[in-house]
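This report concerns only the one structure given below.
Numbering (full-length UniProt numbering), first residue to last: 1 to 274.
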């Protein structure tokens, strides 16, 4: 069932979205050479507890996982791209880290992800991060009332093709609102003009993710962490977006991104303060 949210309910989701953006910004700031993934996990736990928010991940038990997820953030390194289980791993120079976070505040959820480079960036890693960020912005740009769900998917796929990256459609965006996952799967490839007509009040988590040289995935023995099947590096960008009468409203925009959208200058793609 698809639930259209009122403007007041979207405002409440925006409160959650701003907090999610704050946590991801802090995680990106702290991610550095020598930092353990569990340090980032515990820092995120502390921020969530102090805010009085509720993790959407803790005890999450979907069909593909192995037992309940007992962490509050997904941290995926290098060839890992989705559902990375925080564990005892110390970040190294040049690592690519994707952080994905969903929380609920007063019954309203928001979900976002970003990818950063730890230490010295490689150009090919900056490139794939830039591709996911551009694909996300292209998807947001067509998220207007009257357009179709396929327009969003097609916009993401077009950016991937322009960069030469294959696209996996098993995992993509989704509806969001009272829970982290609501009806509607939003593939990262599709046909423009097809699918559900976008209406004001629809809220979606849009999340392009690419691997450099494959569209196939494999799972770690932990049952959660998803990696590129050929070991190539990956990137993941995500925002929670509301369809409104005035166009798309990004509920999880980080402050530097908002400034850049308003005409300021942002940092380079994949930079830790982006």
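Beta carbons: idealized from backbone N, C-alpha and C, even for Gly.
Same chain, Cβ closer than 7 Å to residue i, neighbours up to 5 away in sequence not counted
i: residue 186; result: 149, 152, 153, 172, 173, 174, 204, 206
i: residue 262; result: Residue confidence for residue 262 is low, a pLDDT of 40 falling below 50, so the modelled location carries little weight and cannot support an answer.
i: residue 66; result: 222, 223, 224
i: residue 19; result: 51, 53, 103, 105
i: residue 142; result: 151, 152, 155
i: residue 45; result: 72
i: residue 60; result: 68, 69
i: residue 33; result: 91, 92, 93, 118, 119
Residues of its chain near residue i, where Cβ-Cβ distance is below 8 Å and the 5 sequence neighbours each way are ignored
i: residue 237; result: 113, 114, 115, 129, 132, 133, 135, 136, 207, 208, 209
i: residue 255; result: 21, 25
i: residue 193; result: 148, 150, 151
i: residue 41; result: 71, 72, 73, 75, 86
i: residue 189; result: 153, 154, 156, 157, 160, 167, 169
i: residue 78; result: 95, 96, 233, 234
i: residue 10; result: 201, 203, 242, 244, 249, 251
i: residue 39; result: 30
i: residue 124; result: 212, 233
i: residue 48; result: 23, 54, 55, 72, 103
Whole-number beta carbon distance between residue j and residue i, since they are thought to touch under 8 Å
i: residue 214; j: residue 166; result: 6 Å
i: residue 140; j: residue 248; result: 5 Å
i: residue 99; j: residue 28; result: 7 Å
Run of the alpha helix (DSSP H) containing residue i, from where it starts to where it stops
i: residue 22; result: 7-30
i: residue 163; result: 149-163
i: residue 128; result: 123-141
i: residue 194; result: Element bounds for residue 194: n/a, residue is neither H nor E.
Neighbourhood of residue i by C-beta distance below 6 Å, restricted to the same chain and skipping five residues each side
i: residue 164; result: none
i: residue 2; result: 183
i: residue 84; result: 74, 75, 76, 225
i: residue 181; result: 174
i: residue 80; result: 225, 227
In DSSP terms, what residue i is bridged to
i: residue 244; result: 247
i: residue 85; result: Its beta-bridge partners do not exist; DSSP assigns none.
i: residue 176; result: According to DSSP, residue 176 bridges with nothing at all.
i: residue 51; result: None; residue 51 has no bridge partner.
i: residue 100; result: 74, 113
N- and C-terminal bounds of the beta strand (DSSP E) containing residue i
i: residue 185; result: 182-186
i: residue 114; result: 108-117
i: residue 2; result: That residue, residue 2, is in no beta strand (DSSP E); it is neither H nor E in DSSP.
i: residue 144; result: Unbroken run through residue 144: none, as it is neither H nor E.
i: residue 204; result: 203-206
i: residue 234; result: 234-236
The stretch 184-200 contacting the stretch 48-59, beta-carbon criterion three pairs below 8 Å: no
Counting beta carbon pairs with one atom in the stretch 154-162 and one in the stretch 237-246, are three or more of them shorter than 8 Å? The stretch 237-246 vs the stretch 154-162: no contact.
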